[in-house]
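Start counting the sequence shown at 25; every next residue gets the next number (our numbering).
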Amino acid sequence: MTSPAAKPNLSGFLLPVEPAVSARNVAVPVRRGLSLLIMQFTTFLFDLDGTLVDHLAAIHRAHSHTMRQLGLPPPSLAQVRAAIGGGVEVAIARLIGKERVAQALPIYRPYWQATMLEDVKLMPGARELLEGLHACGATLAIFTNKHGPSSRAVCDHLGLSALLSGNFGATDTPWLKPQPEFARHALAKLGKSPRGTLMVGDSPWDVETGKTGGFPAWCVTTGTHEAHELEAAGADKVFPDLFAVARELGM
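Pasting the structure below:
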């Protein structure tokens, strides 16, 4: 395996398809060289911000604009980083109080819509991981508390949408992570079940989503939380980045 700095093309590790075998009683296509671990999972639910995408600069800019318009001092990058993960309403409430959410949203949302594609970039290893899993025949979906239309616009902009079988976000349903109804909805739309599903995220919301949804949750420390916080939340595995996730999957 080449080093993370080399940004390997993971699909280059995949060899011609052999007959399907079963792991955990789930039949999946198998290529020579893939580990038994990757064969355990046929469906991957990925959080977006902090996991696949670095969107913090744009999010910080939108919150700063909103707070200035309300006559408040703008938040620091660290304050915004600590506030996000549960959806924009939760973030605003953490920054300025629940009583001002209704006042802030009409300022935040149009500014966000106009500027959200500025400064957005993929996390290192994200494209390689998604392309490699897609080439394996895995079902991939975004499962996020980010505004659903924003999530789809970002994935279109970054060229990820063709690799995805679904993109589920806030306002697409009445639910958010970690509510089990949200996970059931996403898996039903994908035609999948919790068995053979893996959640990959960066926050305790993703860990709890796995617990309530009935599937494991792996986390990376590239987003809003440190390794010790994710371990304390009960993450099944914690990794420094997506390259390490790929290595764990045997890619």
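Beta carbons: idealized from backbone N, C-alpha and C, even for Gly.
Under 8 Å Cβ to Cβ from residue i, same chain only, skipping five residues before and after it: list those, please.
i, result
"Leu129", "Val112, Glu113 and Ile116"
"Arg48", "Interpretation of Arg48 is limited by its pLDDT of 35, a score under 50 that renders its predicted location unreliable; the figure taken from the coordinates is listed afterwards. Answer for Arg48: Gln64, Arg219 and Gly220, listed in chain order."
"Ala106", "Arg118 and Thr248"
"Ser189", "Thr163, Leu164, Ala165 and Leu214"
"Leu94", "Ile120, Arg124, Gln127, Ala128 and Ile131"
Contact defined as beta carbons within less than 8 Å: I believe residue i pairs with residue j. What is the distance between those atoms, to the nearest angstrom?
i, j, result
"Leu266", "Ala150", "6 Å"
"Gly74", "Asp180", "Not confirmed; about 19 Å, so no contact."
"Ala82", "Asp143", "5 Å"
"Met147", "Thr246", "5 Å"
"Phe68", "Val224", "6 Å"
"Val231", "Ala257", "4 Å"
Could you check where the beta strand (DSSP E) with residue i kicks off and where it finishes?
i, result
"His158", "Here His158 belongs to no beta strand (DSSP E); instead the alpha helix (DSSP H) covers Ala150 to Ala159."
"Gly121", "Where Gly121 is concerned, there is no enclosing beta strand (DSSP E), given that its DSSP letter is neither H nor E."
"Lys261", "Lys261 to Phe263"
"Gly225", "Thr221 to Gly225"
"Phe192", "Gly190 to Ala194"
In or out: residue i buried (at least 16 other Cβ within 10 Å) or exposed?
i, result
"Val52", "With a pLDDT of 37 at Val52, under the threshold of 50, the modelled position of this residue cannot be trusted; read the value that follows with caution. With 16 or more Cβ atoms within 10 Å of its Cβ, Val52 is classed as buried."
"Gly215", "exposed"
"Glu155", "buried"
"Val244", "buried"
"Gly110", "buried"
"His79", "buried"
"Ala207", "buried"
"Pro228", "buried"
"Ala212", "exposed"
Name the two residues that bound the continuous alpha helix (DSSP H) containing residue i.
i, result
"Met91", "Leu80 to Gln93"
"Gly247", "First-last for Gly247: undefined, no H or E at that position."
"Gly234", "Pro228 to Gly237"
"Gly109", "That residue, Gly109, is in no alpha helix (DSSP H); it is neither H nor E in DSSP."
"Leu266", "Leu266 to Glu272"
Kindly list the residues whose CB is nearer than 6 Å to the CB of residue i, restricted to its own chain and excluding five residues on each side of it in sequence; keep chain order.
i, result
"Tyr135", "Ala86 and His89"
"Thr168", "Asp71, Leu72, Ser175 and Gly193"
"Glu272", "none"
"Pro264", "Thr245"
Leaving out the 5 sequence neighbours to the left and right, which residues in its chain are closer than 7 Å to residue i when beta-carbon positions are compared?
i, result
"Gln171", "One point to set straight first is that residue 171 is His, not Gln, in the sequence displayed. Taken in chain order, the residues that qualify are Val112, Gly193, Ala194 and Thr195."
"Leu187", "Leu154, Glu155, His158 and Leu164"
"Leu96", "Ile120"
(message) Tell me whether the segment 187-206 and the segment 158-175 touch, counting them as touching only if at least three CB pairs, one residue from each stretch, are closer than 8 Å.
(response) Counting C-beta pairs closer than 8 Å gives three or more between the segment 187-206 and the segment 158-175, which meets the contact rule.
(message) I'd like to know if the segment 117-127 and the segment 135-153 are in contact, where contact means that at least 3 CB-CB pairs between them fall below 8 Å.
(response) Proximity of the segment 117-127 to the segment 135-153 falls short of the contact definition, fewer than three beta-carbon pairs being nearer than 8 Å.
(message) Below 8 Å, how does it come out for the segment 153-166 and the segment 87-103: are there three or more Cβ pairs, yes or no?
(response) No, the segment 153-166 is not in contact with the segment 87-103.
(message) Taking contact to mean 3 or more Cβ pairs, one atom from each stretch, closer than 8 Å, check whether the segment 200-220 and the segment 235-254 are in contact.
(response) With the cut-off at 8 Å, the segment 200-220 and the segment 235-254 touch.
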